[in-house]
Amino acid sequence: MSKRNPETDAIRTQTRHTDQREHSTPLFMTSSFVFDSADHARALFANEMEGNVYSRYSNPNVDEFVQKMCQLEEAPAGVATASGMSAIFSSLAGLLEQGDHVLACRSLFGSSHQILNGILPKWGIDYSYGNIDTPEEWESLINDNTRVLFLETPSNPGLDLIDLEWAGQLAEAHGLIMIVDNCFATPCLQKPMAYGADISLHSATKFIDGQGRGIGGVVVGKERYIDEISFFTRHSGPALSPFNAWMFSKSLETLPVRMERHCENALALAAFLEEQPKVEWVKYPFLPSHPQYELAQKQMKKGGGVVSFNISGGYEAAKQFLDKLNTLSLSANLGDTRTIATHPASTTHSKLTDEERAAVNITPGMVRIAVGLESIEDIQEDIGQALR
Ligand SMILES: *Cc1c(COP(=O)(O)O)cnc(C)c1O
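Mapping of the sequence shown onto UniProt numbering: position 158 corresponds to residue 158, and the numbering continues sequentially without gaps.
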């Protein structure tokens, strides 16, 4: 058979069938599996043959989800986890040793900061942060113990980009394992492994589920690294529930069409916001006014589903705006069918100091809109009235 499009594979892949001739993968809600015989059990435990033993190790629904993610990311191997944070923690804990050092971009997801600042140092693992707007300084932050380059692009909520080709060359020159949190872009818009990343990981809670229903995570990448990470997850235990895996696997079948609509709505909203008198600035990767517009065009297929903007009048004005919204939800999530407004400085990024927020361009008047799939007219109408 000729090679199919990854998007087709993500729709047509079904790893298990029962004798019921079902046309949609059934849910294997089972903690363990039975053996045909005592010798079958022995052979499975001795790794002489492949097969399910226990759902912390493997489960048909989890396997199907991982297989589809590998197809979409064009990655050879993968492992699913109970949340996006367990995907990140398991990757770092699985790959790093005492004395190692991580170079990360400063504009990371909040809990990723907590892992680097508050958890890994307990085991003697150190870190440095590189600023997104001074990539020329990053090389000087690499030392003999640096093992991992950890990136997030586009960043949250600033929507700044890191040049993945440049990062891939930096990682290669210094023998670093390059890990990209690809949650904001999804494999539909950006494939980090094509630029030299060794690992691409996601919170499946966001666009992958896409409907605000469940928590989960997934890591894909080069086989030798995935082996080390899955050794860690199998024995330390952040297994993805078969139910959530079943849900995410179905969700991947609609991810490409959902992303088209998220991006189309987000671009239209960004252009609309630029025309509003109370809006000081708008950030969206595919808006020509974005300082890295050309880079966005190069490494992303479309601009993504998140738009950030700044209201003149600071926190007070932002609060008034949020309280006047009718259709949009006030929530801290993103990647849902429902459009969500968030005030990063007082919620998702409230644990940062004022200086830390300033360093990643989070201003008191900044609002993040995770643009959903509603009619763009209704989204614009609600935001327009709340701004007025
Ligand atoms: C939400 C998110 C995470 C964490 O994922 P959970 O599923 O909430 O654990 C990590 N990185 C990014 C970029 C996110 O948006």
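Ideal Cβ positions, reconstructed from N, Cα and C, are used throughout, including at glycine.
Under the rule that 16 or more other beta-carbon atoms within 10 Å means buried, what is residue i, buried or exposed?
| i | result |
| --- | --- |
| Phe80 | Note on residue identity: the sequence assigns Ala, not Phe, to residue 80. Buried, by the Cβ-count rule. |
| Lys3 | exposed |
| Ser90 | buried |
| Lys351 | exposed |
| Thr25 | buried |
| Asn244 | buried |
| Ala38 | exposed |
| Thr8 | exposed |
| Phe231 | exposed |
| Lys122 | exposed |
| Asn145 | exposed |
| Gly130 | buried |
| Gln320 | exposed |
| His290 | buried |
| Ala318 | buried |
| Thr233 | buried |
| Asn182 | buried |
| Met69 | buried |
| Gln20 | exposed |
| Ser31 | exposed |
| Thr134 | exposed |
| Met300 | buried |
| Thr363 | buried |
Under 7 Å between the Cβ atoms of residue i and residue j?
| i | j | result |
| --- | --- | --- |
| Val180 | His202 | no |
| Phe376 | Ala268 | The residue you asked about is not Phe; residue 376 is Ile in the sequence shown. Yes, these two residues count as a Cβ contact at 7 Å. |
| Glu228 | Gly99 | no |
| Val371 | Asn265 | yes |
| Pro192 | Leu159 | no |
| Phe65 | Ser249 | yes |
| Asn143 | His101 | yes |
| Ala10 | Gln71 | yes |
| Glu223 | Ala77 | yes |
| Gly305 | Tyr284 | no |
| Ser200 | Glu22 | no |
| Pro344 | Pro60 | no |
| Leu255 | Cys188 | yes |
| Leu120 | Ser128 | no |
| Met49 | Ala41 | no |
I'd like the list of long-range same chain contacts for residue i, defined as Cβ closer than 6 Å, with 5 residues on each side in sequence excluded.
| i | result |
| --- | --- |
| Phe149 | What sits at residue 149 in the sequence shown is Leu, not Phe. Correct list, in chain order: Leu103, Ala171, Leu176, Met178. |
| Ile215 | Ser83, Thr205 |
| Asn52 | Phe33, Ser58 |
| Phe75 | A quick correction: the sequence has Ala, not Phe, at residue 75. Here the set comprises Met193, Val220, Gly221. |
| Val282 | Ala270, Leu273, Glu274, Phe309 |
| Ile369 | Val307, Ala341 |
| Thr347 | Ala332 |
| Asp323 | none |
| Ile88 | Ser112 |
| Gln14 | Thr25 |
| Gln276 | Leu387 |
| Phe207 | Thr186, Gly335 |
| Glu355 | none |
So is the beta-carbon of residue i under 6 Å away from any non-hydrogen atom of ligand 3?
| i | result |
| --- | --- |
| Met247 | Of the ligands this structure carries, namely ligand 1, none is ligand 3. |
In chain order, what residues of the same chain have a beta carbon less than 8 Å from the beta carbon of residue i, not counting five sequence neighbours either side?
| i | result |
| --- | --- |
| Gln297 | Phe286 |
| Ile115 | Met85, Ile88, Phe89, Leu92 |
Write down the C-beta distance between residue i and residue j rounded to the nearest angstrom, noting that I regard them as a contact closer than 8 Å.
| i | j | result |
| --- | --- | --- |
| Ala197 | Pro154 | Rounded, the Cβ-Cβ distance is 15 Å, inconsistent with contact. |
| Asp36 | Gln211 | Actually they are not in contact, since the Cβ atoms of Asp36 and Gln211 sit about 39 Å apart, beyond 8 Å. |
| Ile379 | Thr339 | 5 Å |
| Cys105 | Glu152 | 6 Å |
| Leu325 | Ala386 | 5 Å |
| Pro242 | Leu27 | 6 Å |
| Arg258 | Leu373 | 7 Å |
| Gly384 | Gly313 | Wrong, their Cβ atoms sit about 17 Å apart, outside the cutoff. |
| His349 | Gly110 | 6 Å |
| residue 404 | Gly237 | In the structure as shown, the chain starts at 1 and stops at 388, and residue 404 therefore has no counterpart that could be examined. |
Ignore the nearest five residues each way along the sequence and tell me which others in residue i's own chain have a CB closer than 7 Å to its CB.
| i | result |
| --- | --- |
| Gly168 | Met178, Tyr195, Gly196, Ala197 |
| Met247 | Asp209, Arg213, Gly214 |
| Leu295 | Leu161, Asp163 |
| Asp126 | His101 |
| Gly124 | Gln98, Gly99 |
| Tyr225 | Leu95, Ile177, Asp198, Ile199 |
| Asp63 | Thr15 |
| Asp382 | Leu325, Asn326, Thr327, Leu328 |
### Task
Only counting runs of 3 or more residues, tell me where the beta strand (DSSP E) segments fall wholly within the stretch 266-329, in order along the chain.
279-283, 306-311
#### Entry: Those runs of the alpha helix (DSSP H) which lie wholly inside the stretch 53-82 and span at least 4 residues
60-73
### Query
What are the start and end residues of each continuous beta strand (DSSP E) run of 3 or more residues lying completely inside the stretch 197-278, in chain order?
199-203, 217-221
### Task
Mind listing, in chain order, the continuous beta strand (DSSP E) runs of no fewer than 3 residues lying wholly within the stretch 154-178?
none
### Query
Mind pulling the alpha helix (DSSP H) runs of 4 or more residues that sit fully within the stretch 93-159?
110-114
### Message
Extract the residue ranges of the beta strand (DSSP E) inside the stretch 4-35, only unbroken runs of 3 or more that lie entirely within it.
### Response
none
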